[in-house]
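These notes are about the structure you will find just below.
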Amino acid sequence: MAIKKVLIVDDSPTERHFLGELLTKNGFQVVTAESGEEAVEKVKDIMPDLILMDVVMPGMNGFQATRTISREEATKHIPIIMCTSKNQETDKVWGRRQGAAEYVVKPVDPQELLDKIAALP
1 MAIKKVLIVD DSPTERHFLG ELLTKNGFQV VTAESGEEAV EKVKDIMPDL
51 ILMDVVMPGM NGFQATRTIS REEATKHIPI IMCTSKNQET DKVWGRRQGA
101 AEYVVKPVDP QELLDKIAAL P
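First residue of the sequence shown? That's 1 in UniProt numbering, and the numbers climb one at a time after it.
Shown next as structure tokens:
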């Protein structure tokens with residue numbers, strides 16, 4: 001599946017801007033959400049090809065939003081890359097258990113992120 005539309009979920013305007021610029025410059029269409037709740041609401045309407053999910057956010061965190069999206073019949077096929085400052089091995093394992101396909105640690109290395117997106121099935 002070719003990835004064209006990406007939903008960026010992050011409570012930081014700086015991170016949303018940085019990731020949005022990176023992806024837009026590389027030919028992706030970008031939609032953003034500022035919280036886990038907003039992501040869960042938006043995902044069914046926009047049906048992105050990929051979700052970049054922050055973990056630490058007020059309200060519903062990224063692990064909870066990932067679990068919700070990856071267990072919904074309509075959205076479970078959408079790959080999710082956790083994009084977070086939490087870099088412990090336990091966080092990575094937990095993220096994958098919630099349904100994340102990949103895990104990238106902030107500050108995000110642009111080439112690493114693009115490579116992981118390109119490697120998705």
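Here a beta-carbon is modelled for each residue, glycine too, at the ideal position from N, C-alpha and C.
Exposed or buried, residue i, counting other C-beta atoms within 10 Å across all chains shown (16 or more means buried)?
i       : result
Arg-71  : exposed
Ala-100 : buried
Thr-24  : exposed
Gly-95  : buried
Glu-112 : exposed
Flag this pair as yes or no: are the beta carbons of residue i and residue j separated by less than 7 Å?
i       : j      : result
Ile-80  : Thr-66 : yes
Gly-20  : Val-9  : no
Ala-74  : Lys-42 : no
Asp-115 : Cys-83 : no
Using a Cβ-Cβ cutoff of less than 6 Å, which residues in the same chain neighbour residue i once the five nearest sequence positions on both sides are dropped?
i           : result
Ala-39      : Val-9, Ala-33, Ala-65
residue 124 : Absent from the structure is residue 124, since the part of the chain shown begins at 1 and ends at 121.
Tyr-103     : Met-82, Lys-92, Gly-95
Using a Cβ-Cβ cut-off of 8 Å (strictly less than) and excluding sequence neighbours within five positions of residue i, which residues of its own chain qualify?
i       : result
Pro-110 : Leu-22
Note down, one range per segment and in chain order, each beta strand (DSSP E) of at least 3 residues found wholly within the segment 8-60. 29-33, 50-53
In chain order, which continuous runs of the beta strand (DSSP E) of length 3 or greater are located wholly inside the segment 73-109? 80-84, 102-105
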